[in-house]
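In my numbering, the protein residues as written are -4 to 179.
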């Protein structure tokens, strides 16, 4: 049995235990709140990135050999804008020929096109941007193109964001200009 003299000590112990438990649960609640805030901020950032890339995902590329049939050393790169807004400053920055290793050089070849390549121009919704390209060897001669492994291109979307898109892989947002293998 607890004597009257010991009663204040028991109450002190119970109060101390309650305060310790309260401090522990308060710290846990603060930790959960910080974690929830971090997770929400991460989700908002991912959602914003997804919204930013929405137009960029609708810009696609293909290599067409049939339209470039006037010369077997040419390939016609077609970049199609399927988005509801224009894109700007479209440029093919890298192509890789099937079976060739190392850095490859290429040049824009006007061929029979009147308007030439539309690098740096606006590509309106539904429009296809065509760039005839000739691959050149170390002697600056055009070589026959057996096929394309990869086409990398850049463009600026309607929101002013610059994108790099290797083939039709997910677009990557650029903050620095890419290095081009195109010859002057």
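Just so you know, even glycine gets a beta-carbon here, dropped at the ideal spot from N, CA and C.
It is roughly 26 angstroms from the alpha-carbon of residue 6 to the alpha-carbon of residue 24. Nearest in C-alpha terms to residue 156, of all of 43, 4 and 31, is 43. In the three-state scheme derived from DSSP, where H, G and I count as helix and E and B as strand, residue 116 is classed as coil. Under the 8 angstroms Cβ criterion, the region 78 to 88 counts as touching the region 44 to 60, having at least three qualifying pairs.
The beta carbon of residue 145 sits closer than 8 angstroms to those of 89, 90, 91, 161 and 162, all from its chain and outside the five residues before and after it, given in chain order. DSSP, read as helix, strand or coil, puts residue 19 in helix.
Per DSSP, residue 84 is one residue of the beta strand (DSSP E) stretching across 83 to 92.
As the crow flies, the alpha-carbon of residue 46 is around 11 angstroms from that of residue 154.
Residue 41 sits in a helix when the DSSP states are folded into three classes.
The straight-line gap separating the alpha-carbon atoms of residue 87 and residue 119 is approximately 17 angstroms. Residue 170 and residue 11 have their C-alpha atoms roughly 56 angstroms apart.
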